[in-house]
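What follows is a short report on a single structure.
Numbering (the UniProt record's numbering), first residue to last: 1 to 379.
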């Protein structure tokens, strides 16, 4: 900047000298030819140029863009810039980049540091997402959402393709689960989320089955059972939830009855075997771990004692197929035909387990996130 200003002052003085020379020539009263008069400004300009030259007027210095490859002329200034920028880095980054940055120019160093900053920022973001997955708060949120999913009246299956479809729903609606969309950019984090969904949903199914079985044995009325689920999962329940829970209890009762029937058949075939009598005296309603339960003698399908939810999946699939067959040419009646068996099961449950609570469920839920789950999570 100082060079440009000095040059400007020298040129200004040269211009003033030319003006003074021209005014002196006019004031002297000397006349000459037109060519001589016209030549005087040129001579004055030449004199001015020579005067400016003698005054050390130099051409503008060539400037080099401050880009890659531009070097600071002052080594001390470059060192100061390097140290101040380097000290802004974290300690681990300083250790990693100390030698490689020292040999770079300031522009190169800044570009390198900015690229490193972007990488570190992306890594920090993924680390924050992973920390969120491990946090107690997120586990509570996911548990609550999965309770709503497992108890959803429109859920088509509890085991088959369950995790895959829930994960697809989470990807589409990350805000419902308080998740950052960037989690799906990292396969390891997606696997971790998938494992978490599988683990929590398995625990919920076990809790539901245990509560249903206890409700059958204790004769618990449906309202108490449904309200217990709603309190545990912190969700709203509607009449559709009552129908679904009544269906699940009816399915578990049928499944347990077939299991006891098969157990009795096995005991009958065993005759007076002491080991069989010892097992019968235990009073347990549970079948052996790998015992097979068939729905009836003509069924091709068989279930182990741990496959209750697989049985429910198959039962729901058959109910959908039956409703479709009945309304093949009347698609608008499908929902009514499909819902009818659930309503009949609900009325039967209310007649068997007389409800003590006179409160009735609401028509529909109001929580937006729960409404989205029930409306969209179907496959």
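Heads up, the beta-carbon is just placed ideally off N, CA and C, and yes, glycines get one too.
This structure is a prediction, so every number in the text was calculated from the model and none was measured.
Problem set entry | Straight-line gap, residue 232 to residue 202 (C-alpha atoms, nearest Å) | Working through the chain shown from its first residue, we reach residue 232 at position 232. Working through the chain shown from its first residue, we reach residue 202 at position 202. Roughly 15 Å separates the two Cα atoms.
Exercise. Which stretch, first to last residue, makes up the beta strand (DSSP E) that contains residue 338?
Worked result: Along the chain shown, read from residue 1 onward, the residue named residue 338 stands at position 338. Not the beta strand (DSSP E): residue 338 falls in the alpha helix (DSSP H), residues 334–352.
Exercise. Can residue 356 be considered in contact with the ligand SAM, in the sense that its beta carbon sits closer than 7 Å to one or more heavy atoms?
Worked result: Of ligands this structure carries none, so the ligand SAM is not represented either.
For this session: Spatial neighbours of residue 143 within its chain, please: CB distance less than 7 Å, with the 5 preceding and 5 following residues excluded, ordered by chain position.
Result: Stepping through the chain shown from its first residue, residue 143 is reached at position 143. 200.
For this session: Find the nearest neighbour of residue 260 within the set 304, 237, 239, judged by alpha-carbon distance.
Result: Counted from its first residue, the chain shown places residue 260 at position 260. If we check each option's Cα against that of residue 260, 304 comes out closest.
Problem set entry | Buried or exposed (CB count within 10 angstroms, at least 16 for buried), residue 242 | Reading the chain shown from its first residue, position 242 is the one you call residue 242. Under this definition residue 242 is a buried residue.
Exercise. Going by other Cβ atoms of all chains shown within 10 Å of its Cβ, with 16 needed for buried, is residue 321 buried or exposed?
Worked result: As a working mapping, residue 321 is identified with position 321 in the chain shown. Classification of residue 321: exposed, given that the 10 Å Cβ count is below 16.
Exercise. Cα separation between residue 223 and residue 366?
Worked result: On the chain shown, position 223 is the one that residue 223 refers to. On the chain shown, position 366 is the one that residue 366 refers to. Cα to Cα, the separation comes out at about 19 Å.
Exercise. Are at least three pairs of beta-carbons, each pair with one atom in the stretch 146–163 and one in the stretch 171–191, less than 8 Å apart?
Worked result: no
Exercise. Residues in its own chain within less than 7 Å of residue 152 by CB, not counting five upstream and five downstream?
Worked result: Residue mapping note: residue 152 aligns to position 152 of the chain shown, counting from 1. Cβ within range, chain order: 373, 374, 377.
Exercise. Between which two residues does the beta strand (DSSP E) containing residue 303 stretch?
Worked result: Looking up residue 303 in the chain shown gives position 303. Segment 302–304, the beta strand (DSSP E) holding residue 303.
For this session: Please check the pair residue 221 and residue 354, which I expect to be a contact at CB under 8 Å, by giving their CB distance rounded to whole angstroms.
Result: Translated into positions along the chain shown, residue 221 becomes position 221. Translated into positions along the chain shown, residue 354 becomes position 354. Correct: roughly 6 Å between the Cβ atoms.
For this session: Have a look at the DSSP bridge pairing and note the partners of residue 362.
Result: As a working mapping, residue 362 is identified with position 362 in the chain shown. Per DSSP, 238.
Problem set entry | Distance between beta carbons of residue 362 and residue 238, contact taken as under 8 Å | Taking the chain shown and counting its residues from 1, the one referred to as residue 238 is at position 238. Taking the chain shown and counting its residues from 1, the one referred to as residue 362 is at position 362. Going by Cβ atoms, the distance from residue 238 to residue 362 rounds to 5 Å, so yes, they are a contact pair.
Problem set entry | Cβ-based neighbour list, residue 156, same chain, cut-off 7 Å, excluding 5 preceding and 5 following | Within the chain shown, the letter at position 156 stands for residue 156. Correct list, in chain order: 316, 378, 379.
Exercise. Do the stretch 128–139 and the stretch 153–172 meet, that is, are 3 or more Cβ pairs less than 8 Å apart?
Worked result: no
Exercise. What's the gap between the Cα of residue 364 and the Cα of residue 245?
Worked result: Against the chain shown, residue 364 aligns to sequence position 364. Against the chain shown, residue 245 aligns to sequence position 245. Approximately 16 Å, taken between the alpha carbons.
Exercise. Just the Cα atoms here: how many angstroms apart are residue 189 and residue 169?
Worked result: Residue 189 sits at position 189 when you count from the first residue of the chain shown. Residue 169 sits at position 169 when you count from the first residue of the chain shown. Those two C-alpha atoms are separated by around 16 Å.
Problem set entry | Under 8 Å between C-beta atoms of residue 204 and residue 249 | Here residue 204 refers to the residue found at position 204 when the chain shown is read from its first residue. Here residue 249 refers to the residue found at position 249 when the chain shown is read from its first residue. Not a contact, by the Cβ cut-off of 8 Å.
Exercise. Is it right to say residue 370 is buried, meaning 16 or more other beta carbons lie within 10 angstroms of its own, or is it exposed?
Worked result: As a working note, residue 370 is residue 370 in the chain shown. By the 10 Å Cβ count, residue 370 comes out buried.
For this session: Using a Cβ-Cβ cut-off of 8 Å, state whether residue 256 counts as contacting chain B.
Result: Going by chain labels, chain B is absent from the structure shown, which holds only one protein chain.
Exercise. For the candidate residues 139, 311, 182, whose alpha-carbon lies nearest to that of residue 128?
Worked result: Taking the chain shown and counting its residues from 1, one reaches residue 128 at position 128. If we check each option's Cα against that of residue 128, 182 comes out closest.
For this session: Determine the direct distance from the alpha carbon of residue 185 to that of residue 258, and round the result to whole angstroms.
Result: Your numbering for residue 258 matches position 258 in the chain shown. Your numbering for residue 185 matches position 185 in the chain shown. Cα to Cα, residue 258 sits roughly 47 Å from residue 185.
For this session: Could you pull out every residue in the same chain whose Cβ sits closer than 6 Å to the Cβ of residue 138, ignoring the five residues on either side in sequence?
Result: As a first step, residue 138 must be located in the chain shown, where it is residue number 138. Correct list, in chain order: 132.
For this session: Would you kindly work out how many angstroms separate the C-alpha atoms of residue 126 and residue 328, rounded to a whole number?
Result: For the purposes of this step, residue 126 is taken as residue 126 along the chain shown, with counting starting at 1. For the purposes of this step, residue 328 is taken as residue 328 along the chain shown, with counting starting at 1. So the alpha carbons of these two residues sit roughly 50 Å apart.
Exercise. For residue 217, does the three-state DSSP call read helix, strand or coil?
Worked result: Indexing the chain shown from 1 puts residue 217 at position 217. In the structure shown, residue 217 sits in a helix (DSSP, three-state: H, G or I).
For this session: Measure from the alpha carbon of residue 341 to the alpha carbon of each residue in 171, 255, 251, 368, then state which is nearest.
Result: Numbered from its first residue, the chain shown carries residue 341 at position 341. Ranking 171, 255, 251, 368 by Cα distance to residue 341 puts 251 first.
For this session: Measure from the alpha carbon of residue 159 to the alpha carbon of each residue in 313, 343, 325, 336, then state which is nearest.
Result: The residue given as residue 159 occupies position 159 in the chain shown. The candidate whose alpha carbon is nearest that of residue 159 is 313.
Exercise. Straight-line CA distance for residue 351 to residue 319?
Worked result: By 1-based counting over the chain shown, the position of residue 351 is 351. By 1-based counting over the chain shown, the position of residue 319 is 319. Their Cα atoms are separated by approximately 23 Å.
Exercise. What span of residues does the alpha helix (DSSP H) with residue 368 cover, start to end?
Worked result: Within the chain shown, numbered from 1, the residue matching residue 368 stands at position 368. Residue 368 -> alpha helix (DSSP H) spans 368–376.
Exercise. Would residue 229 pass as a contact of residue 311 if the rule is Cβ separation under 8 Å?
Worked result: Here the question's residue 229 lines up with position 229 in the chain shown. Here the question's residue 311 lines up with position 311 in the chain shown. Going by C-beta atoms, residue 229 is not nearer than 8 Å to residue 311.
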